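Order-wise, the sequence lines are chains A and B. Numbering of the first sequence is given in my numbering, commencing with residue 9 and proceeding in unit increments. Numbering of the second sequence is given in my numbering, commencing with residue 9 and proceeding in unit increments.
2 protein chains.
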Amino acid sequence: MTQTDPGFHSDHDHQHCIDQALLTARDLCRQRRQRLTPIRELVLKLVWQNHQPLGAYELLPALAAAGFNSAPPTVYRALEFLQQQGFVHRIASLNAYVGCPHPDRPHRSGFLICHRCKRAIELDTAPVHRALSASAEEVGFRIEQELVEVVGLCPDCQQQEATHA
Amino acid sequence: MTQTDPGFHSDHDHQHCIDQALLTARDLCRQRRQRLTPIRELVLKLVWQNHQPLGAYELLPALAAAGFNSAPPTVYRALEFLQQQGFVHRIASLNAYVGCPHPDRPHRSGFLICHRCKRAIELDTAPVHRALSASAEEVGFRIEQELVEVVGLCPDCQQQEATHA
DNA sequence: TTGTTTGTGTTATAACATAACATGAATATA
DNA sequence: TATATTCATGTTATGTTATAACACAAACAA
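What follows is the structure in structure tokens.
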């Protein structure tokens, strides 16, 4: 994973994250002959509004506001497409979706989730993957997909809890 | 994690798993002054029927058959208790529950989940934890809880797919 | 321009989980 | 033993997340 991920820095220019994500998505869709339709682009943008994973139903009002149909299948279909393209990830422990900061190449996703500010930051899972591979190999298990979700406190929130106490 | 876990061996004496789990649970509850009520014990037994995680709603008919109330809260309460005691784990990616093979001491749980036979086997997450700790420390994240779920093919099913092809 | 694929609208429902309050059983305390 | 208290369960209702199924329309390919 590249280190362009702003991670838990609270002061990064998030508009840049969004713009970058949309640009990359458009570019990749062109390359892959996939259609980034208005609904899909809007959902991607909404998911990127911040680093806090959003539930599918939280997206519906915004879809309605934009004049689209806003029944659940609409948003789930868009999310499914975006996941297939690697533009967003689903966080199983939260039933929520978050933008992927580096959709340009396939990768295993892992997340650090702050239970205080609710941000989820993708982490470098290469070392974790090596450990998992070794464990799996021991028992002869063939890995196809890895889900790593770590819950805890991000640096910002640790500090806030410290000063607050 | 001890290596008494039968893992993906299809020919282990599973009744032994069940008996052992129930005995350990009773013992631990006695030590901890917790009440392993009939409902809780039944749910634990049901979850242990095999190594395939069961959904909460799949337990309801068996509860009804045993003469208990079988509304969702009943089973969710039992599952909550069993999770608190460390007797069962929840698999977030499956919305399902599975017995813990070594509830005697607290531990981080990780699972290898076979998408063919649906069995979920707990794995030794110590190496994974070390990798995660290192990654988390780099960004100053304080870990409180780890969720590791690996999907793939177990040895048995790899063989079956090979012979079938 | 015709057929085919792909995306969307729409209705309904499935699957998973919890809130809230009443009742009863077990335990602790007087 | 009586009484208070805590804990577990029964019960009804509802909240939350996700998908099935089919109709229609837009894009694309031949």
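Each residue gets a CB set at the ideal place from its N, CA and C atoms; glycine is no exception. Fair warning: this is a prediction, and the values are worked out from it, not measured in the lab.
* Buried or exposed: which applies to residue 105/A, given that a residue is buried once 16 or more other Cβ atoms fall within 10 Å of its Cβ? -> By the beta-carbon neighbour count (other beta carbons within 10 angstroms, threshold 16), residue 105/A is buried.
* Residue burial classification, residue 33/B (beta-carbon count within 10 angstroms, cutoff 16) -> Residue 33/B is buried by the Cβ-count criterion.
* May I ask which residues mark the beginning and end of the alpha helix (DSSP H) holding residue 44/B? => DSSP places residue 44/B outside any alpha helix (DSSP H), giving it a letter other than H or E.
* Asked: Within this structure, are the beta carbons of residue 91/A and residue 98/A separated by less than 8 Å?
  -> Inclusion of residue 91/A and residue 98/A in the CB contact set at 8 Å is warranted, their separation being smaller than that value.
* Looking at chain A, which residues of the segment 18 to 29 of chain B have a Cβ within less than 7 Å of any of its Cβ atoms? -> Answer in chain order: no residues at all.
* To do: For residue 127/B, collect the residues of the same chain with a Cβ closer than 7 Å to its Cβ; drop the 5 residues on either side in sequence, then sort them by chain order.
  => Taking residue 127/B as the centre and dropping the five residues before and after it, the same chain places the C-beta of 16, 59, 60, 162 closer than 7 Å to its C-beta, in chain order.
* Candidates 65/A, 113/A, 18/A, of which the one nearest residue 39/A by Cα -> Closest option to residue 39/A, Cα to Cα, is 113/A.
* Leaving out five residues before and five after residue 44/A in sequence, what residues of the same chain have Cβ atoms less than 7 Å from its Cβ? -> Closer than 7 Å at Cβ, skipping near neighbours: 33, 34, 37.
* Between the segment 133 to 149 of chain B and the segment 147 to 154 of chain A, are three or more C-beta pairs nearer than 8 Å? -> With a cut-off of 8 Å, the segment 147 to 154 of chain A and the segment 133 to 149 of chain B do not count as touching, because too few Cβ pairs lie within range.
* Going by the beta-carbon positions, is the gap between residue 49/A and residue 68/A smaller than 8 Å? -> Result no, Cβ atoms of residue 49/A and residue 68/A do not sit closer than 8 Å.
* Using DSSP bridges, identify the partner residues of residue 159/B. => In the DSSP output, where bridge partners are listed per residue, residue 159/B has 153/A, 121/B.
* Asked: Which same chain residues, not among the five before or five after residue 141/A, have their C-beta less than 8 Å away from its C-beta?
  -> Sequence-distant Cβ neighbours of residue 141/A in its own chain, meaning closer than 8 Å and more than five residues away, are 151.
* Which chain B residues sit within Cβ distance under 8 Å of residue 160/A? -> Result: 144, 149, 150, 151, 152, 153.
* To do: Kindly list, in the order they appear in chain B, the residues whose Cβ is closer than 9 Å to that of residue 16/A.
  => Within 9 Å Cβ-Cβ: 147, 148, 149.
* Unbroken stretches of the beta strand (DSSP E), 3 residues or longer, contained in the segment 80 to 136 of chain A -> Scanning the segment 80 to 136 of chain A for uninterrupted beta strand (DSSP E) segments of 3 residues or longer gives 96 to 99, 104 to 107, 118 to 122, 128 to 130, listed from N- to C-terminal end.
* Per DSSP, which residues does residue 62/B bridge with? Please list them. => Residue 62/B pairs with 105/B.
* Asked: Helix or strand or just coil, what does DSSP make of residue 21/A?
  -> When secondary structure is reduced to three states using DSSP, residue 21/A falls in the coil class, being assigned neither helix nor strand.
* Exposed or buried, what is residue 157/B when buried is set at 16 or more other beta-carbons lying within 10 Å of its beta-carbon? -> The residue in question, residue 157/B, is buried, as its Cβ has 16 or more Cβ neighbours within 10 Å.
* Asked: What separation, rounded to the nearest whole angstrom, lies between the Cα atoms of residue 24/B and residue 117/A?
  -> Each residue's alpha carbon lies about 37 Å from the other.
* Of the choices 109/A, 88/A, 46/A, 55/A, whose alpha-carbon is the least far from that of residue 2/A? -> Nothing about residue 2/A can be read from this structure; chain A reaches only from 9 to 173.
* What number of angstroms, rounded off, separates the C-alpha of residue 62/A from the C-alpha of residue 82/B? -> So the two alpha carbons sit approximately 30 Å from each other.
* At least one CB of chain B closer than 8 Å to the CB of residue 157/A: is that the case? -> At least one chain B Cβ lies under 8 Å of residue 157/A.
* State the DSSP-derived secondary structure class of residue 78/A, mapped to helix, strand or coil. => Three-state result, residue 78/A: coil.
* Could you give the distance in angstroms between the alpha-carbon of residue 9/B and the alpha-carbon of residue 115/A? -> For residue 9/B, the pLDDT reaches just 45, beneath the cut-off of 50, and the residue's location in the model is therefore unreliable, although a value from the coordinates is still provided. Residue 9/B and residue 115/A have their C-alpha atoms roughly 29 Å apart.
* Would you mind sorting residue 72/B into buried or exposed? The rule is 16 or more other CB atoms within 10 Å of its CB. => Classification for residue 72/B: exposed.
* What is the DSSP secondary structure of residue 166/A, counted as helix, strand or coil? -> Looking at residue 166/A - three-state DSSP - the assignment turns out to be helix.
* Proximal residues to residue 7/B (C-beta, below 8 Å), its chain only, five neighbours per side dropped -> With chain B covering 9 to 173 only, the question about residue 7/B has no answer from this structure.
* Would you identify the three-state DSSP class for residue 39/B, choosing helix, strand or coil? => Note: residue 39/B maps to helix in three-state DSSP.
* Asked: Which class does residue 12/B belong to by DSSP, given the choice of helix, strand or coil?
  -> Its pLDDT being 46, under 50, residue 12/B is placed unreliably in this model, and the value from its coordinates should be taken loosely. Of the three classes helix, strand and coil, the one that applies to residue 12/B here is coil, per DSSP.
* Asked: Which residues, in chain order, does the segment 88 to 122 of chain B contribute to contact with chain A at a C-beta distance below 7 Å?
  -> For the segment 88 to 122 of chain B, the set of residues with a beta-carbon nearer than 7 Å to any beta-carbon of chain A comprises 100, 101, 120, in chain order.
* Are the C-beta atoms of residue 140/B and some chain A residue less than 8 Å apart? -> It does: the Cβ of residue 140/B has a partner Cβ on chain A nearer than 8 Å.
* With 16 other Cβ atoms within 10 Å as the buried cut-off, status of residue 80/B -> So residue 80/B ends up on the exposed side.
* Assign residue 170/A to one of two classes, buried (16 or more other C-beta atoms within 10 Å of its C-beta) or exposed (fewer than that). => With fewer than 16 other Cβ atoms from the protein chains shown falling within 10 Å of its own Cβ, residue 170/A counts as exposed.
* To do: Check whether the Cβ of residue 163/B lies closer than 8 Å to any Cβ atom in chain A.
  => Nearest CB-CB separation between residue 163/B and chain A: below the 8 Å threshold.
* Against chain B: residues of the segment 58 to 83 of chain A by CB proximity under 7 Å -> Here the close residues number zero.
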